[in-house]
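Final position of the sequence shown in numbering that gives the first Met the number 0 is 1208; the numbers increase by one with none missing.
Don't be surprised by glycine CBs; every beta carbon is placed ideally from N, CA and C.
One structure below.
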Amino acid sequence: MANRIFEYFVVCGIGPEIGTLDGERGYHGSEFMYLPSLLDQYPPTDHTLYPPPPPQLPTCVLPAGVQFHASGFDSKDPSTFPRNYPIVLTEGDGSKIYVSCIAFRDRVCEDIVEAYRIAANSFADKCICLVSRSPSFRILRDALEEIFLLCFSSSGSSKPLWDVIAYLVSSVPLPTPGKDRVLFAIEDSLLAVEVPPKDGLPHADISFQPLIQCLDVDNFIKLFTAVLLERRILLRSNKYSLLTLVSEAICHLIYPFRWQHVYIPLLFFSGVDYIDAPTPYMMGLHSGVDTFGLTMDGVVVVDLEHNCITTSEDIPPIPEPEYSSLRGDITKLLHPNVVGIDQMKATLSNCKEEFLRGSSKPWGEDHDLQLRIIFLKFFASILGGYRNFIESTTTLVFNTQAFLKKRSRSTNQPPDPMISQFLDSQGFLDYLGRGVGFEESNINLLDKLQDAIGRGQSPLSILPSIMGEPEIVTISDYRAGSSGSDAKYCYDRFPSNILNEEEEVKRKQILATASGALEYSGKHAPGSPSIFAGQDSKAESLSPRERAAERERMVLDIKVKLQGLWLRLLKLGSTDDPLSSFEYGTILALIESDAEGIGGSGFVECIREHIHSGWTCQLTEEQFIAVKELLKTAITRATSRNDMATIRDALEVSAEIYKKDVNNVSDYVQRHLRSLPVWDDLRFWEGYFDYLLDRFSSKSANYATLVTTQLIVMATHMAGLGLADTDAWSLIETIAGKNNIGYNHMIKLRGFLAHIRQICIGYWGIYSSKSQAVPLYGLASPRPDAANEVEQPAEASGVGRSWVQSMFSRDTTLRANSFSRVRKWTSDTGVSENGKQEPSAAGQKKIQTSVRTLRGHTGAVTALHCVTSREVWDLIGDREDAGFFISGSTDCTIKIWDPSLRGSELRATLKGHTRTVRAISSDRGKVVSGSDDQTVLVWDKRTTQLLEELKGHDAQVSYVRMLSGERVLTAAHDGTVKMWDVRTDTCVATVGRCSSAVLCVEYDDSTGILAAGGRDSVANIWDIRAGRQMHKLLGHTSWIRSIRMVGDAVITGSDDWTARMWSVSRGTCDAVLACHGGPILCVEYSISDKGIITGSTDGLLRFWENDNGGLKCTKNVTLHTSSILSINAGEHWLGVGAADNSMSLFHRPQERLGGFSSTGAKIAGWQLYRTPQKTVAMVRCVSSDLERKRICSGGRNGLLRLWDATINI
């Protein structure tokens, strides 16, 4: 009994720091709701034996916040009555904290009233709580009520109230389960607590009656089913207790399974946005909180006041015969007289069933027990014989399909969706993972019940028998041993605990600051920035200590004034001119007139503190303009004083503050600070690096890793500012070199900088904020004059434009010249600056290009496939599906597009996956897709019907391909490559197995050679027909992203910035291609000239050709400014797509199209033919149809962009 049943006693309410729920500091009137604070606790904060109360406790016990009132308790006004309710908190490790609360109106402390100028004799909401790790709700409630009544009793208490609390918390132990009953007294009230034995049902010290009184039987079962299938559950009621009791009751009824997701029985009002969380949850929300504006899509809303359940998604019903049995048992328990109305009295009196007969007995603990047994019987029935389908007693793998087939045979019904979803739930997997029921020493009640039913025994026989009366443990009265004084302690408010000296000083300082702020705002004219006027003459007569105190007061005055002005600045309306507003002018004057920098640093500190208090950091257009200019001024002034700390802080807060543009995309203040010269100064970044290094807490970490981590933080800020890639890399490389972090970490830094740069381009495009020329994002061109040949896109012009103003825009005028020019090639390609072939080349017709936007997906496009004539055997051109594009998305759908139908390209939508679609393939009659839901689906292309669902992978599917003979080849992140027979719906064989996720696959069906690469950095080669692995090609040092196999050659591209060419027969590396400045995402082999083409995140397209037995880079194309995602080479045409939404089509000079000679077939012969205008968007995937001169890209915004360059030769 070493553990205590009461862990903490806590008081929450209005503390010395007052702030509204909206983040505004100070008192603003009784009509506002205020943030609660933790006022007192026992054990005190310096107690080390137990962890402190959770920091969210005040917000949770007063979910609506704290309100001020003019009066306290009124016996004629029910709204003033105290409320007693329980709450349950869940910690990060899944453990629960049980809290009993009493909320009431209490007098506001006089020092707070005086400091904040609150009306005298004001009252505010306060809450006292008992906190425990044991779910003993009844004793928590009873003990807390006794404390409350003792405090406000007219007869008073024999001891100071906090002495009684200390004795209660410190002395009452947690009873031994099933053995002890602890008796203790609070004044003259005797209380008892005991805990049931552990080998029975879990301890549930609540009544299940509120649950069955709020919902009828059908809605009761519907809620139970939704919880069992782990839906998003939202309970609504105007009573706090009801929300917690119903939530706890339903969690006990799903025993032996446990709720595995977010669990907030009583959600604080300001957390209403949590309802839109995409993951399963169970939350309770007061019915008075408005949920207007929330999507609520798929949320199961349970209105406990009106016995109503609503949801936009169907909840599959419990199958028969379990549903009828469950419903009948519940009805029999609730309405026994109705159920047995036709039976004879003698039958009733002789009935020996475990369920009660007769309604004369009120609801009690025996009813709770019988209700729990009913649901345990339901699980015993629906999971009958489940132990026979555990394939391994060590790994506890459950054969779901075999279990469902066995149940289908026994019930003569098809597999039920409710049971299928339940067996896939986290609750069932957790049950298996805990190994419950597979050790004789720990057999659970579900297994016991199944065995008891099989033997014809009563379900109640599984419960432990009562061994006798528990041992009484009496806790001595806290009044024992007192001097016998008759003194009584009476209170007109709940008393405060005695503060230690440090806490008392802190409280006085906070209240003094609040009081001083109000005095200052009354004494000084709000528009006067002359804080230092008249101070010099006075300062001369002060001692050094007095001068220091005076300066400290002056600093506090400035910061208080700035704080008030900042809060008012955030209230600027849409009709206000921000740059002529009073708030802006005053703050600007404080910053500019302050030679010591207090104004600038104080303004930045105000923003930082507001962010730390929970502010969302979102500004309106008017506020954004003002804050941007003020930060520029503060940084400029700090630069002149060499105040690196203020510049550093301003840099960090500017990365947090943003506005939303017309497309609802964030535009951060940091981007607008690029014009300041301090960002080009190496000394600033070195100082910032030293600051980050000192602030890092884990000094025991590897030094190189520690340095790399801080440099990544710096690189993120550089990208946010818009520093040119070459400038940013030069700064980072210099600092990294001085710290000797090594080559591997330098590679990581370069890769991260390239990655974050491409993300910025994808969101906000390429822009210039300096008057002088700023290089484009991207690596420096090998030619020194390349920078002068670059023309910024149209999106770069226009002062104050959002980075993303033209993103997703349908107005073509915003994008008319967004890609009007391209860079020159570094080799002689015969292409001019505007991307057209020089007149020296053969005569070329001017081709009309067409770019279409295909809309239909509601999520990012993640997979794209072009149906080629070869895969549908279109020998004579009679296949209409040749040239179709098939796309997959995060919206879990697959869409088939016919480019020949202008305006109505969408032919069909295939629905069946439950998570993001990652891979697509097709043949003459079928479409196959792979998804993050670990399944492969096969569809009929003509009827769009789902034909087969192939299950066998244990992770997301990354690759699918339809083969001849009704076969499907798949690969997944579980490291396996599988071959399937669609006709029999079975996995023929696992043809390959890697040690990590498979990212790319190549297969030659004519030879049976399979090549795969992935996260293990190994290129694996298998001979499927021989059933053996040929080679494990080692050499890459990072993930292999792309692979291409032609004949005996395999080409791989990796995140280590290199591509390699291997021999299949010899298993050797023939060449290493290492000229890129980032990971290589795609490789292609040009069969006609036996050359290799590589594309990387550095935006470069490199052409390699054989040169005296080796490979030589003969052409660099700098046309694209972002990651190359796709390269598709045909006999005469080459299609390229990049992440910046740019596309390009290459061809060979016309004089060579008739036939290639051995001397003329060089890789450098590819020449740019056409590139369409580019719009700003982040592209996820690209596919090319070279036969019809079409390239299609899929964007993060869910749109497909189809470019059709119809060329007649």
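Problem - Buried or exposed by the 16-neighbour rule on C-beta atoms within 10 Å, applied to Gln-955 - result: Residue numbering aside, residue 955 sits at position 956 when the sequence shown is read from its first letter. Counting C-beta atoms within 10 angstroms of its own C-beta, Gln-955 has 16 or more neighbours from the protein chains shown and is therefore classed as buried.
Practice task
Determine the direct distance from the alpha carbon of Gly-1098 to that of Leu-998, and round the result to whole angstroms.
Solution key: Residue 998 sits at position 999 when you count from the first residue of the sequence shown. Residue 1098 sits at position 1099 when you count from the first residue of the sequence shown. So the alpha carbons of these two residues sit roughly 21 Å apart.
Practice task
Write down the C-beta distance between Cys-150 and Phe-493 rounded to the nearest angstrom, noting that I regard them as a contact closer than 8 Å.
Solution key: Translated into the one-based positions of the sequence shown, residue 150 becomes position 151. Translated into the one-based positions of the sequence shown, residue 493 becomes position 494. The pair is a contact, with the Cβ atoms about 6 Å apart (cut-off 8 Å).
Practice task
Can you grab the Cα-Cα spacing for the pair Tyr-7 / Ala-165, in whole Å?
Solution key: For the purposes of this step, residue 7 is identified with residue 8 of the sequence shown, where counting begins at 1. For the purposes of this step, residue 165 is identified with residue 166 of the sequence shown, where counting begins at 1. Roughly 9 Å between the two C-alpha positions.
Practice task
Leaving out five residues on either side along the sequence, give the residues of the same chain with a beta carbon under 6 Å from the beta carbon of Gln-449.
Solution key: In the sequence shown, the residue the question calls residue 449 occupies position 450. If you ignore the 5 residues before and after Gln-449, its C-beta comes within less than 6 Å of the C-beta of Ala-379, all in its own chain and listed in chain order.
Problem - Selection from Ala-703, His-202, Met-281 and Asp-1022 that minimises the alpha carbon distance to Lys-1209 - result: Outside the displayed span of the chain (0 to 1208) sits residue 1209, for which this structure offers no information.
Practice task
Could you give the DSSP three-state label for Ser-1143: helix, strand or coil?
Solution key: Translated into positions along the sequence shown, residue 1143 becomes position 1144. Look at Ser-1143 here: in three-state DSSP terms it is strand.
Handout entry: Sub-8 Å separation of Pro-85 and Ala-102 beta-carbons
Key = Here residue 85 refers to the residue found at position 86 when the sequence shown is read from its first residue. Here residue 102 refers to the residue found at position 103 when the sequence shown is read from its first residue. No. Outside cutoff.
Practice task
Determine, using beta-carbon pairs with one atom in the segment 256 to 274 and one in the segment 318 to 334, whether at least three such pairs fall under 8 Å.
Solution key: Put simply, the segment 256 to 274 does not touch the segment 318 to 334. Fewer than three CB pairs are less than 8 Å apart.
Problem - When Gly-596, Gly-599 and Trp-565 are compared against Tyr-583, the one with the closest alpha-carbon - result: Here residue 583 is taken as the residue at index 584 of the sequence shown, counted from 1. Comparing alpha-carbon positions, the option among Gly-596, Gly-599 and Trp-565 lying closest to Tyr-583 turns out to be Trp-565.
Problem - Inter-residue spacing [alpha-carbon to alpha-carbon] between Val-194 and Asn-2 - result: Here the question's residue 194 lines up with position 195 in the sequence shown. Here the question's residue 2 lines up with position 3 in the sequence shown. Annotation: Val-194 to Asn-2 spans about 13 Å, alpha carbon to alpha carbon.
Handout entry: Whether Tyr-97 touches Phe-147 by CB criterion (8 Å)
Key = Residue mapping note: residue 97 aligns to position 98 of the sequence shown, counting from 1. Residue mapping note: residue 147 aligns to position 148 of the sequence shown, counting from 1. No, these two residues do not count as a Cβ contact at 8 Å.
Handout entry: For Ile-4 and Tyr-33, believed in contact at Cβ under 8 Å, the rounded distance
Key = In the sequence shown, residue 33 corresponds to position 34, counting from 1. In the sequence shown, residue 4 corresponds to position 5, counting from 1. Tyr-33 to Ile-4, Cβ: 33 Å. No contact.
Handout entry: Residue interval of the alpha helix (DSSP H) (run including Tyr-322)
Key = One-based indexing of the sequence shown puts residue 322 at position 323. Residues 321 to 333.
Exercise for the section: Using the DSSP secondary-structure output, state which residues sit across from Asn-1127 in a beta bridge. Expected result: On the sequence shown, position 1128 is the one that residue 1127 refers to. Looking at the DSSP output, Asn-1127 shares a beta bridge with Gly-1134.
Exercise for the section: Tell me where the alpha helix (DSSP H) around Arg-960 begins and ends. Expected result: Taking the first residue of the sequence shown as position 1, residue 960 is located at position 961. Counting along the chain, Arg-960 falls outside any alpha helix (DSSP H), though it belongs to the beta strand (DSSP E) covering 956 to 962.
Exercise for the section: Could you check which residue in Ile-185, Ser-921, Lys-627 and Asp-726 has the C-alpha nearest to that of Val-981? Expected result: Numbered from its first residue, the sequence shown carries residue 981 at position 982. The shortest C-alpha separation from Val-981 is found at Ser-921.
Practice task
Determine the direct distance from the alpha carbon of Phe-122 to that of Cys-11, and round the result to whole angstroms.
Solution key: Mapped onto the sequence shown, residue 11 falls at position 12. Mapped onto the sequence shown, residue 122 falls at position 123. Pairing Cys-11 with Phe-122, the inter-Cα distance amounts to about 14 Å.
Practice task
Give the straight-line distance between the Cα atoms of Pro-1171 and Arg-914, rounded to the nearest whole angstrom.
Solution key: The residue given as residue 1171 occupies position 1172 in the sequence shown. The residue given as residue 914 occupies position 915 in the sequence shown. So the alpha carbons of these two residues sit roughly 33 Å apart.
Exercise for the section: To the nearest angstrom, report how far apart Asp-950 and Leu-252 are at their CA atoms. Expected result: Locating residue 950 in the sequence shown gives position 951, where the first residue counts as 1. Locating residue 252 in the sequence shown gives position 253, where the first residue counts as 1. Rather than Asp, the amino acid found at residue 950 in this sequence is Lys. Taking the straight line joining both Cα atoms gives about 32 Å.
Problem - Classification of Arg-901 by the beta-carbon crowding that lies within 10 angstroms, buried from 16 upward - result: Along the sequence shown, read from residue 1 onward, the residue named residue 901 stands at position 902. Answer is exposed; the Cβ neighbour count stays below 16.
Problem - Anticipated Cβ contact below 8 Å, Ile-1020 with Ala-1010, distance rounded - result: Translated into positions along the sequence shown, residue 1020 becomes position 1021. Translated into positions along the sequence shown, residue 1010 becomes position 1011. Rounded, the Cβ-Cβ distance is 5 Å, consistent with contact.
Exercise for the section: Determine the DSSP secondary structure at Thr-175, reduced to helix, strand or coil. Expected result: If you number the sequence shown from 1, residue 175 lands on position 176. The answer is coil: DSSP assigns Thr-175 none of H, G, I, E or B.
Exercise for the section: Please go through the same chain and pick out, in chain order, the residues whose beta-carbon is closer than 7 Å to the beta-carbon of Pro-196, but skip the five residues on each side of it. Expected result: Translated into the one-based positions of the sequence shown, residue 196 becomes position 197. Correct list, in chain order: Pro-176, Gly-177 and Pro-463.
Problem - Status (buried if at least 16 other CB within 10 Å, exposed otherwise) for Gly-1188 - result: Here residue 1188 corresponds to residue number 1189 of the sequence shown, with the count starting at 1. Checking the displayed sequence, the identity of residue 1188 turns out to be Lys instead of Gly. Looking at its Cβ environment, which holds 16 or more other Cβ atoms inside 10 Å, Lys-1188 is buried.
Handout entry: Own chain partners of Phe-421 with C-beta closer than 7 Å, once the 5 adjacent residues on each side are dropped
Key = If you number the sequence shown from 1, residue 421 lands on position 422. So the list reads Leu-227, Leu-228 and Phe-427, once near-sequence residues are dropped.
Practice task
Name the residue from Asp-1055, Thr-512 and Thr-638 whose alpha carbon lies nearest to the alpha carbon of Leu-1080.
Solution key: Numbered from its first residue, the sequence shown carries residue 1080 at position 1081. Measuring from the Cα of Leu-1080, the nearest candidate turns out to be Asp-1055.
Handout entry: Backbone secondary structure at Lys-570 - three-state DSSP
Key = Counting from one through the sequence shown, the residue named residue 570 turns up at place 571. For Lys-570, the secondary structure class from DSSP, reduced to helix, strand or coil, is coil.
Problem - 8 Å Cβ cutoff met for Tyr-115 and Tyr-41 - result: Position 116 of the sequence shown, counted from the first residue, corresponds to residue 115. Position 42 of the sequence shown, counted from the first residue, corresponds to residue 41. Not in contact: Tyr-115 and Tyr-41 (Cβ atoms no closer than 8 Å).
Problem - Own chain partners of Val-138 with C-beta closer than 6 Å, once the 5 adjacent residues on each side are dropped - result: Translated into positions along the sequence shown, residue 138 becomes position 139. One point to set straight first is that residue 138 is Ile, not Val, in the sequence displayed. Closer than 6 Å at Cβ, skipping near neighbours: Val-192.
Problem - For Met-1177, the three-state DSSP class (helix, strand or coil) - result: Residue 1177 sits at position 1178 when you count from the first residue of the sequence shown. Three-state result, Met-1177: coil.
Exercise for the section: Output the distance between the C-alpha atoms of Leu-241 and Arg-106, rounded to the nearest integer angstrom. Expected result: The sequence position of residue 241 within the sequence shown is 242, counting from 1. The sequence position of residue 106 within the sequence shown is 107, counting from 1. In this structure, the CA atom of Leu-241 is about 28 Å from the CA atom of Arg-106.
Problem - Straight-line Cα distance separating Pro-35 from Lys-505 - result: To locate residue 505, count along the sequence shown from 1; it is residue 506. To locate residue 35, count along the sequence shown from 1; it is residue 36. Rounded to the nearest whole angstrom, the C-alpha separation of Lys-505 and Pro-35 is 18 Å.
Exercise for the section: Taking all protein chains shown into account, decide if Arg-869 is buried (16 or more other Cβ within 10 angstroms of its Cβ) or exposed. Expected result: Here residue 869 corresponds to residue number 870 of the sequence shown, with the count starting at 1. When all chains shown are included, Arg-869 counts as exposed.
Exercise for the section: State buried or exposed for His-334, treating a residue as buried only when at least 16 other CB atoms are found within 10 Å of its CB. Expected result: Here residue 334 is taken as the residue at index 335 of the sequence shown, counted from 1. Flag for His-334 reads exposed.
Exercise for the section: Going by CA-CA distance only, name the one from Ser-1095, Arg-1040, Lys-627 and Asn-496 that's closest to Trp-161. Expected result: Here residue 161 is taken as the residue at index 162 of the sequence shown, counted from 1. If we check each option's Cα against that of Trp-161, Asn-496 comes out closest.
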